[in-house]
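Report on one structure; see the data block that follows.
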Amino acid sequence: MIRLNSEYVAILKANSKRDLQMVVKDFNIKGVDDRSIVYYYNKATERKGQMLLIDSVKGEIRYNFDKPIKAEDLNKYQLKFDDHHIVIMASSLKIDSTNLVADGYNSSWKYQFPGSAAGFRDVVCAIQSISLFNSEYNIDSIQFQNTAFQVEVPTAAVTSTISITLPDGYYSYDDINRSIQTALANAGAYLIDGSGNNVFYIKLTENSVYYAAQVDFSPTPSSLPVGYTRPATGLYSAGGTGLPTTTRVPRLIINNTAFGAVLGLSVATYPAVSAIVASAQLSNTIPQIHPTSSYIVRCDLIKNEYVASGDILSAFDRGDAGIGQLINYKPSQYAWMNCHNGSRSTITISIYNQNDQKVRFRDTSVSIMLLLRPKK
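In our numbering, the protein residues as written are 35 to 410.
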């Protein structure tokens with residue numbers, strides 16, 4: 035802690051009707067803010083004070099501005115004060131897309147301090163705000179590895195297994211169902227009704243009543259129903275393998291744990307045995323249509339002794355932001371975390387999900403504001 039000498043305290047006393055002890059904490063972080071602004075609010079006049087520029091190393095007033103400040107403007111200086119003490123405001127550090135680490139995930143940023151390095155001693159850090167677009171897919175071959183599953187359809191040659199791999203994207207259950215229908219149509223595993231509509235015998239929907247995904251299985255006929263026609267090519271076409279010899283339902287094969295989690299289905303084949311009557315399968319575990327429920331902010335500057343990784347700075351979620359919409363995180367109160375002491379040339383911030391998986395954002399636009407101040 036650095037105490038201003040009597041010469042500078044006298045300057046402050048001249049503007050106050052009561053004695054004032056001015057205490058300034060050491061905040062020597064070169065490259066962030068070599069000097070720190072302190073605002074003295076004179077309670078006697080209520081709406082006036084002085085803007086003072088303090089050298090945080092020498093404890094000297096370098097500049098003295100006679101500048102009236104409105105009381106309602108105090109918040110923008112981020113000061114905490116009482117009748118006898120004035121504390122140095124926090125310095126802010128902005129991180130944006132120019133700091134992006136090019137690793138293909140778009141969720142890590144490295145800030146390079148101006149000059150050679152910045153010295154940290156007894157400093158704490160907090161998130162002031164984070165703004166980024168909700169651009170994380172829920173089906174992702176790299177981040178979640180949850181793109182693959184199979185559908186078994188009955189044919190005259192017993193069965194045919196159709197492997198489906200979803201392209202990376204943001205899917206609802208309806209979207210996944212359309213992908214299933216596309217794969218079945220490409221394989222010719224469908225019929226055409228009298229109105230010209232494609233008829234499929236497996237369907238995925240959301241069942242909000244039971245907080246579940248629901249897969250409906252309908253019997254595939256052994257002969258062409260009245261008014262129906264066959265596809266031009268593929269399994270059920272005139273030149274294909276043909277319809278099953280006995281009416282049977284298709285089956286869903288979950289052979290990927292990560293995709294099963296999306297539907298809330300454990301690794302298995304549904305129904306377990308070949309069936310001839312219609313059935314429905316509800317999720318048998320809690321479905322996670324989006325594997326990410328919250329975001330964890332990690333920073334290599336942070337010394338968090340209460341978590342195993344030691345670098346957790348904050349946590350937030352998407353809020354009401356839908357896909358493609360802006361996520362705005364502004365904490366109502368700052369959670370100040372201890373920083374490692376020592377000299378640093380860079381700070382790296384990364385965003386993970388609640389399962390400690392590194393997030394893969396598609397949009398690179400971002401604004402992260404960090405606050406740094408001396409420890410109280």
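We treat Cβ as the ideally placed atom computed from N, Cα and C, and that holds for glycine.
Under the three-state reduction of DSSP output, ARG212 falls in the helix class.
For PHE350, there is no enclosing alpha helix (DSSP H); the enclosing beta strand (DSSP E) has its first and last residue at 346-350.
Taking C-beta separations shorter than 6 Å and ignoring five residues to either side along the sequence, the partners of PRO325 in its chain run PHE178, following chain order. DSSP, read as helix, strand or coil, puts ASN318 in coil. Under the 10 Å beta carbon count, PRO265 is surrounded by 16 or more other beta carbons and is classified as buried.
With a contact defined as Cβ atoms closer than 8 Å, SER206 and ARG394 miss out at about 19 Å. In this structure the stretch 352-366 does not lie against the stretch 378-395, because fewer than three pairs of beta carbons, one per stretch, are closer than 8 Å.
Judged by DSSP secondary structure, LEU238 falls within the beta strand (DSSP E) whose first and last residues are 236-241. Around the beta carbon of ILE129, 16 or more other beta carbons sit within 10 angstroms, so the residue counts as buried. Per DSSP, LEU360 is one residue of the beta strand (DSSP E) stretching across 360-363. In the structure shown, the three-state DSSP call for PHE183 is strand. Only buried fits GLY294, as 16 or more other CB atoms lie within 10 angstroms of its CB. With distances taken between CA atoms, TYR329 lies nearest to ILE361 out of ILE361, LEU127, SER126, VAL243. In the three-state reduction of the DSSP assignment, ALA302 falls in the strand class.
The closest CA to that of ILE196, considering only GLU186, ILE176, VAL233, is found on GLU186. Where PHE251 is concerned, the enclosing beta strand (DSSP E) starts and stops at 246-251. Between PRO201 and the set LYS144, LEU299, ALA217, the nearest pair of CA atoms involves ALA217. Nearest neighbour of ILE402 by Cα position, chosen from ALA152, ARG155, ALA151, ALA160, turns out to be ALA160.
By the neighbour-count criterion, in which 16 or more other beta carbons inside 10 Å mark a residue as buried, ALA342 falls on the exposed side.
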